[in-house]
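Enquirer: When we follow the numbering used here, the leftmost residue of the sequence shown carries the number 17, and every step to the right adds one.
Every residue gets a Cβ at the ideal spot worked out from N, C-alpha and C, and that includes glycine.
In this text the structure is predicted, and so the values were computed from the model without any measurement.
What follows is a structure written as structure tokens; I'll ask about it next.
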Amino acid sequence: MRTDLSFLSVVADGPDDYVIGNGETFVHVPGVAAAVVAALDGTRTAAEARARVLAERGVDVDVEAFVTGLDGAGLLRRPHRPPNLWDRIRPGHVAWFFSRPADAALLLLTGSALAAAVARPGVLPSPATLVWADSLAFTLAFAAGSWLLVLVHELGHIAAARSLGVRAELSLGTRMQFLVVQTRITGVWAVPRRARYRAHLAGMRVDWLLACACACVLYVAGPSGSPVARLIMVICLAQIAWQFLFFMRTDVYYAVANATGDKNLMADARAYLRGRRGGARRAGARRSVRVYAWFLVVGRALGLAFFAGYTVPVTVAICRRSLEELAGPGGWRPVAALAVVAAGWLLYLGILLRRRTGTTSIGANSGE
């Protein structure tokens, strides 16, 4: 009986390292296993494929046992997934955004933004100048803007995935105690390793484009001429900073894991730390795993730094404006703004407490 595995993708991922998958499930295997998959193209029996691999590679492989193993991993079942909205996006619709002319335009925009920041330092955002409207209006605008720009960030990932012909799925998820919007692009393992960076970093590319565009707008309009541009700039820069907290599975984490070739970087690093804590030496751990393991150790401090440098100053700025309005004829609006802020903090603290007590939780922030 001839076995046909031609529907499986086979991608070289490093020296004697290949990724094979059916579009939903992927495993990494040595080169000889990839050769077996290539031989089982529907024209050979298992015995004939075994003979071919033995002749080409000098390795005698139990092909039938190998196929059984693939079946146990779920690789022999073609995934059946209902079509979604993003499937309508064809590679040609979005590939231009990642073309060389687009890269050149982004580089030019970056240079313009940096020049604007040097020529007019007031272009750079600060919490003290961020709140432009009454406290309630700004609080609602900030919340709506944050979620809208998170969605725009995720649309960048979706566009990148579809430009590579990879399926994308949008959903809510969690990173530690934070609630996040996330794009699932498992099929990116089926594309060459270098091409995966496009999908991993596309959200930050969109954030940076918007931040640079807003810097140019603020230069032309003056620091106080476009408060919406200032708000967009602050949120986008914060989203970029968030991605560098890659002790969680952020965009930068996936890019680092791809660069090092450690497909289970976080799990391997945690295992390494557990071994160190137990006094065992893990001599087999790769250098990249050891380095990342210590980043996990200091990651909590970096998370607190982001919290202290972004979340707290914005909250203080809103509360200060609300209290100023309470002293005047502000009516109910500053009270409502303080109530919204208090509700957000209570949600955050409640989620944090639930995580500390070991229950299932989601967080009070957003990002991918």
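1) DSSP three-state call for T331: helix, strand or coil?
2) Looking at G219 and D267, is the spacing between their C-beta atoms short of 7 Å?
3) Nearest to D87 by CA position, among T41, V69 and P99, is which residue?
4) Which first and last residues belong to the alpha helix (DSSP H) in which Y270 is found?
5) Assuming S128 and C232 are in contact, meaning their beta carbons sit under 8 Å apart, how far apart are those beta carbons, in whole angstroms?
6) Quick one: complete alpha helix (DSSP H) runs, 4+ long, within the segment 70 to 108?
7) For A184, does the three-state DSSP call read helix, strand or coil?
8) In this structure, how does DSSP classify T59 when only helix, strand and coil are distinguished?
9) Tell me the rounded alpha-carbon separation between P345 and F154.
10) How far does the beta strand (DSSP E) with R18 in it extend, from its first residue to its last?
11) Could you say which of G203, F158, W163 and V197 lies nearest to S179 if we only look at CA atoms?
12) Tell me whether V197 counts as near the ligand FAD, meaning its Cβ is closer than 6 Å to at least one heavy atom of that ligand.
13) Determine contact between the segment 251 to 269 and the segment 161 to 169, defined as no fewer than three beta-carbon pairs at a distance below 8 Å.
14) Please report the straight-line C-alpha distance between G30 and W112, rounded to a whole angstrom.
15) Only counting the same chain, and skipping five residues up and downstream in sequence, which positions put a Cβ closer than 8 Å to that of V313?
16) Bridge partners of R246, per DSSP?
17) Hey, how far is the Cα of A309 from the Cα of A271?
18) What residue does the alpha helix (DSSP H) around S179 start on, and which one ends it?
19) Report the three-state DSSP secondary structure of R302 (helix, strand or coil).
20) Report all residues from its chain with a CB closer than 7 Å to the CB of A55; omit the five preceding and five following residues, and keep chain order.
21) DSSP three-state call for G325: helix, strand or coil?
22) Determine the closest residue to L140 out of V250, F263 and L354, with distance taken between C-alpha atoms.
23) With distances taken Cα to Cα, identify the nearest neighbour of T19 among A62, V52 and A324.
24) Three Cβ pairs or more, each shorter than 8 Å: is that satisfied between the segment 206 to 213 and the segment 21 to 38?
25) Between G108 and the rest of its own chain, which residues show a CB-CB distance below 6 Å, the 5 nearest in sequence each way excluded?
26) Among residues of its own chain, excluding the 5 on either side of S22, which ones have a beta-carbon nearer than 7 Å to its beta-carbon?
27) Where does R200 sit, in a helix, a strand or coil, going by DSSP?
28) Taking its Cβ as the centre, do 16 or more other Cβ atoms sit within 10 Å of G383, making it buried, or is it exposed?
Expert: If we stick to the structure as given:
1) As a first step, residue 331 is located in the sequence shown; it is residue number 315 there, counting from the start. Three-state DSSP puts T331 in a helix.
2) By one-based count along the sequence shown, residue 267 stands at place 251. By one-based count along the sequence shown, residue 219 stands at place 203. A contact, by the Cβ cut-off of 7 Å.
3) Looking up residue 87 in the sequence shown gives position 71. Residue T41 is the option with its Cα nearest to D87.
4) As a working mapping, residue 270 is identified with position 254 in the sequence shown. D267 to T276 is the span of the alpha helix (DSSP H), which, as asked, contains Y270.
5) As a working mapping, residue 128 is identified with position 112 in the sequence shown. As a working mapping, residue 232 is identified with position 216 in the sequence shown. Indeed, because the Cβ distance is near 5 Å, the residues count as touching under 8 Å.
6) 79 to 88
7) For the purposes of this step, residue 184 is taken as residue 168 along the sequence shown, with counting starting at 1. In the structure shown, A184 sits in coil (DSSP, three-state: anything other than H, G, I, E or B).
8) Residue mapping note: residue 59 aligns to position 43 of the sequence shown, counting from 1. T59: strand per DSSP, three-state reduction.
9) As a first step, residue 345 must be located in the sequence shown, where it is residue number 329. As a first step, residue 154 must be located in the sequence shown, where it is residue number 138. Looking at the two C-alpha atoms, the distance is approximately 18 Å.
10) As a position in the sequence shown, residue 18 is number 2, starting the count at 1. Taken as a continuous stretch (DSSP letters only), the beta strand (DSSP E) holding R18 covers R18 to D20.
11) Counting from 1 along the sequence shown, the entry for residue 179 is found at position 163. When each option's Cα is compared against that of S179, the closest is G203.
12) This structure lacks the ligand FAD; in fact it carries no ligand of any kind.
13) yes
14) Stepping through the sequence shown from its first residue, residue 30 is reached at position 14. Stepping through the sequence shown from its first residue, residue 112 is reached at position 96. Approximately 29 Å between the Cα atoms of the pair.
15) Against the sequence shown, residue 313 aligns to sequence position 297. Contacts found: L289.
16) For the purposes of this step, residue 246 is identified with residue 230 of the sequence shown, where counting begins at 1. According to DSSP, R246 bridges with nothing at all.
17) Position 293 of the sequence shown, counted from the first residue, corresponds to residue 309. Position 255 of the sequence shown, counted from the first residue, corresponds to residue 271. Cα-Cα distance, rounded: 16 Å.
18) Start at 1 with the first residue of the sequence shown, and residue 179 comes out as number 163. Counting along the chain, the alpha helix (DSSP H) containing S179 begins and ends at S151 to S179.
19) Here residue 302 refers to the residue found at position 286 of the sequence shown. Reduced to three states, the DSSP call for R302 is coil.
20) Position 39 of the sequence shown, counted from the first residue, corresponds to residue 55. Result list for A55: A65, R68 and V69, in chain order.
21) One-based indexing of the sequence shown puts residue 325 at position 309. It is helical.
22) Counting from one through the sequence shown, the residue named residue 140 turns up at place 124. For the residues V250, F263 and L354, the minimum Cα distance to L140 belongs to V250.
23) Walking along the sequence shown from the start, residue 19 turns up at place 3. Looking at the Cα atoms, A62 is the closest of the given residues.
24) yes
25) Counting from one through the sequence shown, the residue named residue 108 turns up at place 92. Closer than 6 Å at the Cβ level, and outside the excluded window around G108, lies no residue.
26) Sequence index remark: in the sequence shown, residue 22 carries index 6 (1-based). Taken in chain order, the residues that qualify are D57 and G58.
27) Here residue 200 is taken as the residue at index 184 of the sequence shown, counted from 1. DSSP places R200 in strand when its eight states are reduced to three.
28) Indexing the sequence shown from 1 puts residue 383 at position 367. Unreliable placement is indicated for G383, whose pLDDT of 37 sits below 50; no coordinate value is reported for it.
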